[in-house]
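Residue numbers (this note's numbering), protein chains in the order written: chain A, 1 to 257; chain B, 1001 to 1257.
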C-alpha cells in the first residue's frame, strides 16, 4: 500500500510543522459549470477539500503544490492564498475524525497526541479546466470527485465555510485580474468568455457593458475569423493578448463588474 | 517586572499552538499622514510589527486582539486578516533573534527548542486614528512608535514584505468597502475625506470624480451646515449615513478608484 502523509506525520513527526496545515480549494470550470474538487476519506462519512501537512523544509506555497499533486495528481496549478482559519472548535470535530483516521494507519497513537490539537488551516484556491484533469485519489480516500458549487455534499469541519470564503476571494480577484487563459480554447467567441465570467461570478452580466469593459482592458484581441455555430450564426473569434494579459496579472486590470 | 508572552510560552508551552503565530500591522491615519506602529525589542537592533503567539483556547482573531491590547494598549481594533507567510528562511533570522530574546527571560532553554523552528505568521491589519492612541509598550520593547509608511526603519525577518502586503490589501479593501467612520470627525468636509482616500491609496484622485462616486454610494450625506476655514472659504459639511455605511461594510460599496 502506498504511504500517505498521515502515515508520514505519525512516523516522522519532527519533519512537519505542528498546529498548522494547508487546505486547497480546487475550483474547476468547463462549459458554463463551476465545480469544486472534494474527497471523501475512507474512515469518515463526510467530504473535505483536499489538504495536508507542511514539512519544515518547504514553504506553505510549496506544501500546497506538493499536496495537490500527491493527493489528486494535479500539477502546475496556480494557487492563490485567500485566508487562514483558526479557532478551538476546529479541534472538536477534528480530533474525533483524526482518531478514526489514524486507526487506518495501523500505527499505535496515544489519545492526547499533538495532531489531535487544533490546527490553523491556511487556505489556498485555484481554478482549472476540469474536463482536462485526470484525478488520482489518495491512499485513504474512498472517493475524490468534482461537485457543482451550488450542490455540495455534507462537509466536514468548517470546510463549507472555507469553500464559501474561497469563492468570495475568487470573485473579488477576477474583478481586478484577468482570467481565462487556461480555461478557454486558444480562440474563443465573446459569448464563451461572457459565460465564463457569469458562471464564476454567479450572476448575469449585461452583454454590451461586458464586451466594452473587456475590450477596454486590451487583454483580448478580435481576430479576422468567425466560428460557424449555426446556419445563420457566425460570431467573431478572439484570442488573449498574452503580453497585456501578463501585465494585467502583475498590475491589475480592473473590470469592476 | 511584568510578565510577557515570551516568558509565558517558555513556562507553559502546552498552552500555545506551535509553529504558528499572528503578526498585526497597525496602520494609523491622522491629517494626511499614514503611519504604521512598530516596536524595537530590547535585545535586537531592528524593528518589527507587533505580533505574538496563539493560545490553544483562543481563535486567531482573538489572539490578534489580545496581543494588540497586551503589547500596545490598543483596544477594540477592527482587524482584517490579509494573508499568511511561511517558508523555511523565516527561521534563519528568526532563531538567531529568538535566542537573543529568550536570554532576557532568564529561563534556561535548549538550543534546539521548538520555538526556534520556523513559524507560519498569520497577518492581520487594522487602521486607526493615531492621534487618539496612547501607546503602552511591552515588557521587552525598547521602543514602540508610529513610523511614516514611506520612511520605515530597518526591519527584521520578512516584516518589510508583510507591511507592503498589508498595505496592498488595505488599498484593495477600500476600493470595495467604506472607510472613514473612526478616522474623521463626526462632521467633515469633502476635501477632508478626499485627503483620507488619497493618503491611503498613495495617489492623487480627481476631485469631481471622487465626490461623484462617493455620493453615488449613499454612504455620506450633505448637511445644511458649512465649516468656516478662511475669510472666503466655507465648504459644506458631510456626515456618514451609518445604516448605508454598515450595509457597505457587509455587502460592499464599490468605489473602484
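Virtual Cβ for every residue (Gly too), placed ideally from N, Cα, C.
Remember, predicted model here, so these are calculated numbers, not experimental data.
CB-CB length for residue i against residue j, believed under 8 Å
{"i": "residue 19 (chain A)", "j": "residue 120 (chain A)", "result": "6 Å"}
{"i": "residue 1199 (chain B)", "j": "residue 1237 (chain B)", "result": "Not really, about 20 Å apart at Cβ, beyond 8 Å."}
{"i": "residue 1055 (chain B)", "j": "residue 1063 (chain B)", "result": "7 Å"}
{"i": "residue 1162 (chain B)", "j": "residue 1123 (chain B)", "result": "6 Å"}
{"i": "residue 53 (chain A)", "j": "residue 90 (chain A)", "result": "Not quite, the Cβ-Cβ distance comes to about 15 Å (not below 8 Å), so this is no contact."}
{"i": "residue 46 (chain A)", "j": "residue 155 (chain A)", "result": "6 Å"}
{"i": "residue 147 (chain A)", "j": "residue 36 (chain A)", "result": "6 Å"}
{"i": "residue 1244 (chain B)", "j": "residue 1219 (chain B)", "result": "5 Å"}
{"i": "residue 32 (chain A)", "j": "residue 195 (chain A)", "result": "5 Å"}
Closest residue to residue i among the options (Cα-Cα distance)
{"i": "residue 1065 (chain B)", "options": "B:1026, B:1031 and B:1048", "result": "B:1026"}
{"i": "residue 22 (chain A)", "options": "B:1043, B:1084 and B:1051", "result": "B:1084"}
{"i": "residue 71 (chain A)", "options": "A:34, A:108, A:134 and A:102", "result": "A:134"}
{"i": "residue 1038 (chain B)", "options": "B:1231, B:1143 and B:1172", "result": "B:1143"}
{"i": "residue 73 (chain A)", "options": "A:106, A:81, A:137 and A:33", "result": "A:137"}
{"i": "residue 1164 (chain B)", "options": "B:1183, B:1194, B:1201 and B:1140", "result": "B:1201"}
{"i": "residue 1034 (chain B)", "options": "B:1203, B:1216 and B:1116", "result": "B:1203"}
{"i": "residue 1030 (chain B)", "options": "B:1225, B:1217, B:1210 and B:1197", "result": "B:1197"}
{"i": "residue 81 (chain A)", "options": "A:116, A:231, A:125 and A:182", "result": "A:125"}
{"i": "residue 1140 (chain B)", "options": "B:1116, B:1106 and B:1114", "result": "B:1106"}
{"i": "residue 1116 (chain B)", "options": "B:1013, B:1215, B:1206 and B:1205", "result": "B:1013"}
{"i": "residue 1217 (chain B)", "options": "B:1206, B:1252 and B:1233", "result": "B:1252"}
Residue i to residue j span [Cα, whole Å]
{"i": "residue 169 (chain A)", "j": "residue 128 (chain A)", "result": "16 Å"}
{"i": "residue 1009 (chain B)", "j": "residue 1249 (chain B)", "result": "36 Å"}
{"i": "residue 59 (chain A)", "j": "residue 79 (chain A)", "result": "13 Å"}
{"i": "residue 1087 (chain B)", "j": "residue 15 (chain A)", "result": "14 Å"}
{"i": "residue 1159 (chain B)", "j": "residue 235 (chain A)", "result": "51 Å"}
{"i": "residue 1192 (chain B)", "j": "residue 1227 (chain B)", "result": "11 Å"}
{"i": "residue 130 (chain A)", "j": "residue 28 (chain A)", "result": "5 Å"}
{"i": "residue 222 (chain A)", "j": "residue 41 (chain A)", "result": "47 Å"}
{"i": "residue 1043 (chain B)", "j": "residue 1011 (chain B)", "result": "20 Å"}
{"i": "residue 1103 (chain B)", "j": "residue 1051 (chain B)", "result": "19 Å"}
{"i": "residue 1241 (chain B)", "j": "residue 1076 (chain B)", "result": "22 Å"}
{"i": "residue 213 (chain A)", "j": "residue 174 (chain A)", "result": "13 Å"}
{"i": "residue 1006 (chain B)", "j": "residue 1017 (chain B)", "result": "13 Å"}
{"i": "residue 1208 (chain B)", "j": "residue 1061 (chain B)", "result": "39 Å"}
{"i": "residue 1224 (chain B)", "j": "residue 1230 (chain B)", "result": "19 Å"}
{"i": "residue 1004 (chain B)", "j": "residue 1108 (chain B)", "result": "16 Å"}
{"i": "residue 1183 (chain B)", "j": "residue 1215 (chain B)", "result": "18 Å"}
{"i": "residue 1177 (chain B)", "j": "residue 1099 (chain B)", "result": "42 Å"}
{"i": "residue 110 (chain A)", "j": "residue 1110 (chain B)", "result": "26 Å"}
{"i": "residue 239 (chain A)", "j": "residue 167 (chain A)", "result": "26 Å"}
{"i": "residue 1112 (chain B)", "j": "residue 112 (chain A)", "result": "23 Å"}
{"i": "residue 211 (chain A)", "j": "residue 1157 (chain B)", "result": "45 Å"}
{"i": "residue 1 (chain A)", "j": "residue 114 (chain A)", "result": "Because the pLDDT of residue 1 (chain A) is 39, which lies under 50, any placement of that residue in the model is unreliable, and the question is left without a value."}
{"i": "residue 181 (chain A)", "j": "residue 247 (chain A)", "result": "13 Å"}
{"i": "residue 232 (chain A)", "j": "residue 1172 (chain B)", "result": "44 Å"}
{"i": "residue 149 (chain A)", "j": "residue 206 (chain A)", "result": "23 Å"}
{"i": "residue 1132 (chain B)", "j": "residue 132 (chain A)", "result": "57 Å"}
Residues that residue i bridges to, as DSSP identifies them
{"i": "residue 53 (chain A)", "result": "A:21"}
{"i": "residue 233 (chain A)", "result": "A:230"}
{"i": "residue 1128 (chain B)", "result": "B:1028"}
{"i": "residue 1085 (chain B)", "result": "B:1121"}
{"i": "residue 147 (chain A)", "result": "A:36"}
{"i": "residue 1047 (chain B)", "result": "B:1155"}
{"i": "residue 1090 (chain B)", "result": "Bridge partners of residue 1090 (chain B): none, in fact."}
{"i": "residue 1239 (chain B)", "result": "B:1221"}
{"i": "residue 1080 (chain B)", "result": "B:1125"}
{"i": "residue 141 (chain A)", "result": "A:41"}
{"i": "residue 188 (chain A)", "result": "A:238"}
{"i": "residue 16 (chain A)", "result": "A:55"}
Pull out every residue of the stretch 98-122 of chain A whose Cβ sits closer than 9 Å to any Cβ of chain B, in chain order. So the close ones are 114, 117, 118, 119, 120 and 122.
Relative to chain B, which residues along the stretch 17-37 of chain A have a C-beta separation below 8 Å, given in chain order? 17, 18, 19 and 20
At a CB distance below 9 Å, what residues from the stretch 1056-1080 of chain B approach chain A? Give them in sequence order. 1056, 1057, 1058, 1059, 1060, 1061, 1062 and 1063
Chain A contacts from the stretch 1202-1215 of chain B (Cβ-Cβ distance under 8 Å): none
Taking beta-carbon pairs under 9 Å, can you tell me which members of the stretch 1147-1172 of chain B lie near chain A? 1172
Name, going along the chain, the residues of the stretch 1119-1145 of chain B whose beta-carbon falls closer than 8 Å to a beta-carbon of chain A. Taking a C-beta cut-off of 8 Å against chain A, the contacting residues of the stretch 1119-1145 of chain B are 1120 and 1122, listed in chain order.
Could you list the residues in the stretch 1217-1246 of chain B with a C-beta less than 8 Å from some C-beta on chain A, going in chain order? none
Taking any Cβ of chain B, which residues in the stretch 38-52 of chain A have a Cβ under 9 Å from it, in chain order? none
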